[in-house]
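Each remark here refers to the structure printed beneath this line.
So this is what it looks like as structure tokens:
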């Protein structure tokens with residue numbers, strides 16, 4: 533499709549990066565006009581159609597939602613329209629998300645150049661699977677969908693909690709609302725007397741403009757301790773497969789999830805002490821500095837990381853103030869880039885950004901104010917991880933018939949209270 537056919541609203545084009553772990557499509561969509569979609573009728577989708585990459589992320593699968601929008605395929609995807617008299621679309625989706633279904637997708641891949649691996653449409657159509665009666669299919673999908681719905685609810689809750697914490701940070705440290713309230717003789721909204729007393733009742737001029745009286749103008753580098761990472765030798769099997777999570781940018785959580793609680797790869801103690809990587813305490817902010825730059829995570833447990841990231845620790849012992857300050861830093865760096873490539877962060881980058889830095893009690897008061905919100909986000913992530921593990925355990929057993937529906941329903945009731 534030509535670039536000039538894309539419009540800000542219209543028919544949504546599903547691409548490979550819109551496919552994710554759950555049932556919902558993710559990320560932003562590009563759009564084409566209705567006329568363009570009509571001229572490419574074979575690429576148009578109806579609700580319940582399954583979509584698969586035929587290059588790139590082979591093995592991923594998504595389903596076209598019934599949400600009132602029109603959808604069509606990008607050139608990197610292929611579709612499968614289920615025969616609804618024989619198969620429930622969600623059952624088919626869950627089959628392809630199972631170990632058996634994913635293996636079937638990958639079995640007939642063929643090398644088509646660097647770096648792509650292709651699954652031809654003919655191979656997709658040739659995949660065989662056992663189909664129980666439609667009623668059984670729907671009962672199976674109801675159990676699995678209940679788990680996915682619960683996981684989605686936890687993530688939506690996290691988005692709300694994170695937005696509240698972000699709003700509080702902006703109020704205190706960007707808009708300076710408590711200072712403005714005191715200047716006007718008002719009690720700062722939602723703040724007890726002891727916390728309000730920590731804020732000045734006026735501003736002073738600085739190189740950043742008007743900042744709260746008594747706050748220091750410092751570089752961001754002056755407010756943090758920086759920790760480097762490293763990669764144990766991949767040729768040494770004694771360094772890998774241990775119990776220590778090892779963070780790389782692929783492990784970065786969605787913005788509203790904040791915490792990283794597990795990673796794709798793990799290392800051993802021998803790998804930790806046999807390389808330049810370090811064990812980061814829980815509550816360390818990680819920022820990716822090369823490759824995909826500016827991704828943020830807050831460690832939900834102790835872990836190591838690779839050399840493409842920095843670990844940031846607040847100098848006054850804070851956790852959440854540093855994380856949200858780093859979020860603000862990334863926003864500022866992206867704005868400064870003005871559309872150019874934002875391709876690296878160095879320690880000089882941290883020294884090149886100035887901030888209005890409050891006294892330690894104000895920083896610590898903020899951490900206290902958002903602690904319950906952030907603790908709930910972390911708890912929700914662990915619960916979502918548990919539910920995901922249960923879903924992935926039940927899925928192949930239900931699809932294969934090894935687990936009965938009553939047994940699965942008991943497991944579901946134990947997990948969702």
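Residue numbers (my numbering): 533 to 949. Cβ coordinates follow ideal geometry from the N, Cα and C atoms, glycine included. Small disclaimer: the values here were computed from a predicted structure and weren't measured.
Helix, strand or coil at residue i [DSSP, three-state]
i: residue 661; result: coil
i: residue 747; result: coil
i: residue 616; result: coil
i: residue 775; result: strand
i: residue 539; result: Confidence is the limiting factor: at residue 539 the pLDDT is only 46, short of 50, which leaves the residue's position unreliable, though a coordinate-based value still follows. Strand.
i: residue 831; result: strand
i: residue 787; result: coil
i: residue 865; result: helix
i: residue 792; result: strand
i: residue 935; result: coil
i: residue 887; result: strand
i: residue 577; result: strand
i: residue 848; result: coil
i: residue 572; result: coil
Sub-8 Å separation of residue i and residue j beta-carbons
i: residue 588; j: residue 621; result: no
i: residue 755; j: residue 633; result: no
i: residue 877; j: residue 792; result: no
i: residue 795; j: residue 772; result: no
i: residue 905; j: residue 759; result: no
i: residue 739; j: residue 886; result: yes
i: residue 709; j: residue 555; result: no
i: residue 675; j: residue 941; result: yes
i: residue 898; j: residue 747; result: no
i: residue 950; j: residue 658; result: Summary: the structure shown does not reach residue 950, with the chain confined to residues 533 through 949, and so no result is reported for it.
i: residue 742; j: residue 774; result: no
i: residue 892; j: residue 848; result: yes
i: residue 691; j: residue 788; result: yes
i: residue 851; j: residue 815; result: yes
i: residue 902; j: residue 700; result: yes
i: residue 927; j: residue 678; result: no
i: residue 582; j: residue 611; result: yes
i: residue 624; j: residue 614; result: yes
i: residue 832; j: residue 910; result: yes
Cα-Cα separation, residue i to residue j
i: residue 753; j: residue 859; result: 14 Å
i: residue 920; j: residue 929; result: 15 Å
i: residue 823; j: residue 781; result: 8 Å
i: residue 830; j: residue 856; result: 10 Å
i: residue 908; j: residue 880; result: 35 Å
i: residue 551; j: residue 918; result: 22 Å
i: residue 647; j: residue 916; result: Unreliable positioning characterises residue 647 in this predicted model, as indicated by a pLDDT of 45, which lies under 50. A coordinate reading is not provided.
i: residue 931; j: residue 576; result: 29 Å
i: residue 895; j: residue 731; result: 11 Å
i: residue 812; j: residue 838; result: 11 Å
i: residue 798; j: residue 601; result: 41 Å
i: residue 842; j: residue 819; result: 5 Å
i: residue 599; j: residue 557; result: 11 Å
i: residue 590; j: residue 627; result: 15 Å
i: residue 807; j: residue 765; result: 8 Å
i: residue 776; j: residue 836; result: 7 Å
i: residue 670; j: residue 654; result: 27 Å
i: residue 934; j: residue 619; result: 20 Å
Beta-bridge pairing of residue i - partner residues as DSSP gives them
i: residue 822; result: 876
i: residue 841; result: 820
i: residue 582; result: 595 and 612
i: residue 738; result: 741
i: residue 799; result: 772
i: residue 545; result: 562 and 604
i: residue 759; result: 843
i: residue 836; result: 778
i: residue 812; result: 835
Cβ neighbour criterion (16 or more within 10 Å) applied to residue i
i: residue 716; result: exposed
i: residue 593; result: buried
i: residue 805; result: exposed
i: residue 866; result: exposed
i: residue 875; result: exposed
i: residue 639; result: exposed
i: residue 817; result: buried
i: residue 745; result: exposed
i: residue 631; result: exposed
i: residue 923; result: buried
i: residue 864; result: exposed
i: residue 544; result: buried
i: residue 948; result: exposed
i: residue 936; result: exposed
i: residue 636; result: buried
i: residue 629; result: buried
i: residue 912; result: buried
i: residue 890; result: buried
i: residue 711; result: buried
Distance cut-off 7 Å: residue i Cβ against heavy atoms of the ligand PLP
i: residue 624; result: As far as ligands go, the structure on display features none, and thus does not contain the ligand PLP.
Cutoff 8 Å: residue i Cβ touching any chain B Cβ
i: residue 779; result: The displayed structure is made up of one protein chain only, and chain B is not part of it.
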